[in-house]
Amino acid sequence: MANDVNKDQAQNQDINPIELDDTILLAQAEDVVESEEEQPVEENQEPTEEEGGEGTNAGAENANLRVEIPLGENNVAQLPEGADLTQPRVVDGELEFLQPDGTIIFVPNGAVEGMTVFVGDVEFPSEALQALFDANNIQPAAGPSVTGEADTPQPVQDSHGAYQDSSQGSIGDGLGISPLLPPTALAFATPEQEEIYEGPETNVDPIGLDDTNWVQEDGEYSDSARASFQGEATGNVLENINHPGAPAGDFADQADTDENPTDTLTVTNAGTYFGQYGTLVLNDDGSYTYSLNSQDLVIQSLSEGETLTESFPYSISDGNGGTGSATLTITIFGSDDGVFINGLTVEGPDEIVYEANLSDGTAPDNAALTQSGTFSFNALDGTQTITIEGVTIFENGAFVGGTPTVGTSIGTLTITSFTPITSSTGEVVGGTIGYSYTLDANSEDHNNAGNDTIVEAFDVEVTDEDGSSDIATIHIEVVDDVPDAIDDGAQSVAEDAVGTISGNVLSNDELGADGASLTHIDVGSGMVALTSGTDLGGGVYQFVTANGTYTFTSAGAWTFDPNANLDNAAGVDASFDYTLTDGDNDADTATQPIT
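Right under this line is the structure:
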């Protein structure tokens, strides 16, 4: 036959492997087996495409060309580069792959389980091979039916029952093209596993982690490392930063994460944000500054142990389309702001009234007896109670109403007004209180002579919601009124006159609010107490001198009876001095002239 192979000749030839393109490779493969004999063409008959005459296509020309690929160790079949695997079939135990040009690549006993197919140097995926078999109803057997010594050529039987040497062969005349090239041997590189398609890299979104920080109203940070005012907090939402020193709890910024270490995260909504209690300045590199609005009365009304929070969401990007989000939460700690009463003096006076303005004083003036004033207070943690000298004027969040009064033995303090300062939540955190004081009576508690003063003191106590308090005092100074003894008009008496002269030394004197009376006289031998004279009864006291006899009462009435033998040739002075003394021992002296 045209394609018979002289095995001995082929084995004795010096065959050098060469690389060929797909067409030549298939035409000159060393394991080409015998094809069907050429059929003679009858005279005058044109050959058809199936008969291989001139004008047939490439598929018809190669329709009987068969290329054997032996099944190697570990069931590996190495097919030529460019081989088409889309039309597999099993014929008489041989796994065949029909090529588009009609060539048949076959693997004797190739339809086995665990078979590995290489096309050129690239492994055909096993899952795809199994799917190909399934689609063509090919059931792989348990293993190859042909075995032998390793690296030892084994005879195989082709589809026509002829045995061929699986490692040696010749294409003979190559269907009439053998003169073109000498017989050759196929040579394939050692199989290497290679990934056919890596696939696109999938970008993973970064993960935003929530951050926390804190501020405290007023005061300075206890943490010297931060060295800033407590009303300000700084940090970076993209980094791990601890924020120690808070009155309670743990606070820290947490670095947001990204699976790709080469990505650089940035904040995409950087800017200035005005929160409910403060302002946040957030930068695209994650750094931030939060400034607390300490003037907000809601903030100031926080007591020690009380907190408020506000949060600021932010977004991050990895620069490759991946995004994430997280939240920065600021905790605002309250502090004990204390209570402060303002507008009252430490020692006084806050207001001054005068006893002299009383109706029986030395300068009556009813309007002047009432003096008014105000004071204020701050209780930023919230007002609980306000009392004045034990009288409650504010409780349960409200002024008691009306005009609360506090009375004493000589005067009355009246609360005339209350103007509160409230936070946005309605809590009273301060206010102004109006009051008035009216002097109702004199006091005999002035221990010093003259216009000395006493003080009416009214303690004011304000207590806030956390128990802090402040105490201050309304000082009302009461100025003492004093008597004013005024010299009386001169009187005279004739020598040897019968009868007496009289008068009242208090008639022109100012006795004062403390009720002055005649307490002492001087009739020539020095000032003595009225009561040191002879008690004639009825409050009348008698004093006898060389000039005559005097009588006096504490109400100021007096009489003088000159002696009968009084020699007035040289002029006799019978005048006397007197002293008025009031209820708190203020005194004044005047003279009653008598000649």
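FYI, the numbering for the sequence shown is 5 to 599, going by our numbering. Where is the CB? At the ideal position from N, CA and C, for every residue including glycine.
Whose C-beta lies closer than 6 Å to the C-beta of residue i among residues of the same chain, with five residues either side of it excluded?
| i | result |
| --- | --- |
| THR418 | THR407, THR409 and SER440 |
| THR477 | ALA461 and ASP463 |
| GLU314 | GLY279, GLN280, TYR281 and ILE334 |
| ALA561 | ASN508 |
| GLY537 | TYR545, GLN546 and PHE547 |
| ASN10 | Note on ASN10: pLDDT 39, under 50, position unreliable in the model; no value is reported. |
| THR374 | SER440 and THR442 |
| ASN382 | PHE344 and GLY434 |
| VAL497 | ILE505 and PRO566 |
| PHE316 | TYR277, LEU284 and LEU332 |
Can you tell me the Cβ-Cβ gap for residue i and residue j, rounded? I've got them flagged as a contact below 8 Å.
| i | j | result |
| --- | --- | --- |
| GLY328 | ILE245 | Not really, about 19 Å apart at Cβ, beyond 8 Å. |
| VAL433 | GLN304 | 7 Å |
| ASN79 | THR120 | 6 Å |
| PHE564 | ILE525 | With 8 Å as the limit, PHE564 and ILE525 do not qualify as a contact, their Cβ atoms being about 12 Å apart. |
| THR412 | THR423 | Rounded, the Cβ-Cβ distance is 26 Å, inconsistent with contact. |
| LEU510 | ALA559 | 7 Å |
| ASP449 | ASP588 | 7 Å |
| HIS612 | GLY253 | Residue 612 cannot be examined here, being either before or after the span of the chain that is shown, 5 to 599. |
| ILE336 | LEU362 | Contact doesn't hold; Cβ gap of about 57 Å is too wide. |
| ASN217 | PHE255 | 5 Å |
Check this for me: beta carbons of residue i and residue j, under 8 Å apart or not?
| i | j | result |
| --- | --- | --- |
| THR442 | VAL482 | no |
| THR523 | LEU534 | yes |
| GLU117 | PRO92 | no |
| SER295 | GLY347 | no |
| ILE390 | VAL466 | yes |
| ALA308 | GLY342 | At residue 308 the sequence reads Glu, which differs from the Ala that was named. For GLU308 and GLY342, no; Cβs fall outside 8 Å. |
| PRO84 | GLY124 | yes |
| GLU127 | VAL111 | no |
| ALA517 | GLU359 | yes |
| THR585 | SER521 | yes |
| VAL94 | ALA115 | yes |
| LEU284 | LEU242 | no |
| ASP513 | ASP488 | yes |
| ALA330 | ASP257 | no |
Spatial neighbours of residue i within its chain, please: CB distance less than 7 Å, with the 5 preceding and 5 following residues excluded, ordered by chain position.
| i | result |
| --- | --- |
| LEU88 | The displayed chain sequence assigns Asp, not Leu, to residue 88. Closer than 7 Å at the Cβ level, and outside the excluded window around ASP88, lie PHE101, GLN103 and PRO104. |
| ASP444 | ILE414, GLY415 and THR416 |
| ASN455 | VAL483, ASP484 and VAL486 |
| GLY352 | VAL459, HIS479 and GLU481 |
| SER579 | THR595, GLN596, PRO597 and ILE598 |
| THR349 | HIS479 |
When you compare each of the options to residue i by their alpha carbons, which one comes out closest?
| i | options | result |
| --- | --- | --- |
| SER421 | SER380, SER447 and GLY394 | SER380 |
| ASP468 | GLU72, ILE345, ILE73 and GLY86 | ILE345 |
| GLY386 | GLU355, SER427, PHE403 and VAL576 | SER427 |
| GLU355 | GLY541, VAL404 and ALA372 | ALA372 |
| VAL576 | ASP488, GLY542, GLY528 and THR583 | GLY528 |
| GLY401 | THR429, ASP215 and LEU213 | THR429 |
| GLY519 | ALA250, GLY542, ALA498 and SER447 | SER447 |
| ASP289 | THR396, TYR318, VAL497 and LEU570 | TYR318 |
| GLN384 | ALA237, VAL357, ASP222 and ALA250 | According to the sequence displayed, residue 384 carries Leu and not Gln. Checking every option, the nearest Cα to that of LEU384 belongs to ASP222. |
CA-CA distance, residue i and residue j?
| i | j | result |
| --- | --- | --- |
| ASP484 | VAL219 | 57 Å |
| GLU399 | ILE490 | 55 Å |
| LEU332 | ASP470 | 30 Å |
| ASN324 | ASP209 | 9 Å |
| ASP340 | ILE480 | 32 Å |
| ASP581 | ASP369 | 31 Å |
| PRO187 | GLU72 | A caution first: PRO187 carries a pLDDT of 44, below 50, which makes its placement in the model too unreliable to give a value. |
| GLY377 | VAL271 | 58 Å |
| GLN82 | ASN141 | 23 Å |
| ASP322 | SER298 | 37 Å |
| ALA259 | GLU131 | 44 Å |
| PHE137 | LEU69 | 23 Å |
| ASN273 | GLY86 | 55 Å |
| ALA550 | GLY365 | 39 Å |
| GLY438 | THR276 | 44 Å |
| ASP300 | PHE403 | 23 Å |
| ASN264 | ILE320 | 14 Å |
| TYR601 | GLN134 | The chain is shown from 5 up to 599; residue 601 falls before or after that span and cannot be answered. |
| GLN495 | LEU540 | 24 Å |
| ASP262 | LEU213 | 11 Å |
| ALA139 | GLY76 | 25 Å |
| ASN207 | THR266 | 12 Å |
| GLY493 | GLY503 | 20 Å |
| ASN569 | THR553 | 13 Å |
Return no unless some Cβ of chain B is closer than 8 Å to the Cβ of residue i.
| i | result |
| --- | --- |
| SER506 | Given the protein chain composition of this structure (a single chain), no chain B is represented. |
By Cβ distance, which residues of its chain are closer than 8 Å to residue i, with the 5 residues on each side in sequence left out?
| i | result |
| --- | --- |
| MET531 | HIS524, ILE525, ASP581, THR583 and THR593 |
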